[in-house]
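S.K.: Just so you know, the sequence shown maps onto residues 1 to 246 in the numbering used here.
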Amino acid sequence: MRTLKTHIRGKKMISVVIPTFQEEKFIGATLASLLRADPSMEIIMVDGGSTDKTVETAKRYVNKIYVFKEKGVSKARNYGAARTGGEIILFIDASVIVPPYFIKAINNIFACPNVVGATCNNMPLNPKLSELIFFKILNTCIRFSMNVLPPTRFKFYPSGAFIAVRKEVFKKIGGFNEATTTSEDSDLIYQLSKRGKFVFINDLSVHESMRRPRQVGLFRLFRAWIKNYLIFLVYGVTSHEWTPIR
């Protein structure tokens, strides 16, 4: 097991928070991609009680692993965030692969003091042509929405697969909304956007597993996202809870 050090670039420390549950297939590759960028990075994994080899695999890479069995990804992310030492917190999913230069991209963005958060292109891992086209279009829509349109709930928001936030502002807004089981990422970004600039990093891409889109179907999944978010806007709750797909 490696020795945990402080990761500082330009007087900033970036802490990574990853919620996990039954992620033995992907967590090793995700952690390895993070550590290729910086072997001393602070990574906090919050596991929801996995019974597979998720924790065993993660112990080869990270020292800070917490078992947190309360239901809800928002609660898990907030729990992890409270234990970070960084000025910037990066929330990523357990099946996301990051490029080695992502640290530089984040630091360049957060060098601007009015930036409160950032996301980037979310692309499919080992994509089919239809997936590649779909996500290129989706990323273009989200990029325009985030970088051009003013803060409003009624616009395209990115998923929670890769969200970097300024910790000070994250704490001020109370973190992720724990009252909802989905759309918590969109709500967080909207709340942050009212406090400063939330940026889409055009020249940064991460790659995520397509296990859910391939099992559910791309357009059916997208329709469920839209429906869920609209219901959340009107009623403040969501109508659908995602079943884990592993």
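Glycine residues also receive a C-beta, built at the ideal position from the N, C-alpha and C atoms.
None of these values were measured; they are calculated from a predicted model.
Where do the N-terminal and C-terminal ends of the alpha helix (DSSP H) with residue 216 fall, by residue?
M.R.: Here the alpha helix (DSSP H) through residue 216 covers 211-216.
S.K.: So, with DSSP's three-state summary, where would you put residue 118?
M.R.: strand
S.K.: For residue 130, count the other beta carbons within 10 Å of its own beta carbon; 16 or more makes it buried, fewer makes it exposed. Which is it?
M.R.: exposed
S.K.: Compare the beta carbon distance of residue 88 and residue 12 with 9 angstroms and say whether it is the shorter of the two.
M.R.: yes
S.K.: Using the C-alpha atoms, what's the distance from residue 220 back to residue 102?
M.R.: Spanning the two alpha carbons is a distance of roughly 31 angstroms.
S.K.: Out of 14, 40, 51, state which residue places its alpha-carbon closest to the alpha-carbon of residue 23.
M.R.: With respect to the C-alpha of residue 23, the residue from 14, 40, 51 having the closest C-alpha is 51.
S.K.: How would you call residue 132, buried or exposed, if buried means at least 16 neighbouring beta carbons within 10 angstroms?
M.R.: exposed
S.K.: Can you list, in chain order, the stretches of the alpha helix (DSSP H) that have 4 or more residues and sit fully within the stretch 9-56?
M.R.: 27-37
S.K.: Please state if the CB of residue 17 and the CB of residue 117 are separated by a distance shorter than 9 angstroms.
M.R.: Not a contact, by the Cβ cut-off of 9 angstroms.
S.K.: Assuming the contact rule is C-beta atoms closer than 8 angstroms, residue 206 and residue 141 should be a hit. Round their C-beta distance to whole Å, please.
M.R.: So it is not a contact: roughly 17 angstroms between Cβ atoms.
S.K.: Return the bridge partner residues of residue 148 from the DSSP annotation.
M.R.: Answer by DSSP bridge pairing: none, since residue 148 is not bridged.
S.K.: In three-state terms, what does DSSP make of residue 185?
M.R.: Shown here, residue 185 sits in a helix according to DSSP, grouped into three states.
S.K.: Contact defined as beta carbons within less than 8 angstroms: I believe residue 95 pairs with residue 26. What is the distance between those atoms, to the nearest angstrom?
M.R.: 4 angstroms
S.K.: DSSP state of residue 131, grouped into three classes?
M.R.: helix
S.K.: Considering only C-alpha positions, which residue in the set 90, 48, 86 is nearest to residue 70?
M.R.: 48
S.K.: Which value, in whole angstroms, describes the spacing of the CA atoms of residue 98 and residue 230?
M.R.: 30 angstroms
S.K.: Please confirm whether residue 197 and residue 108 have their CB atoms less than 9 angstroms apart.
M.R.: no
S.K.: If you measure between the beta carbons of residue 14 and residue 41, is that distance less than 9 angstroms?
M.R.: yes
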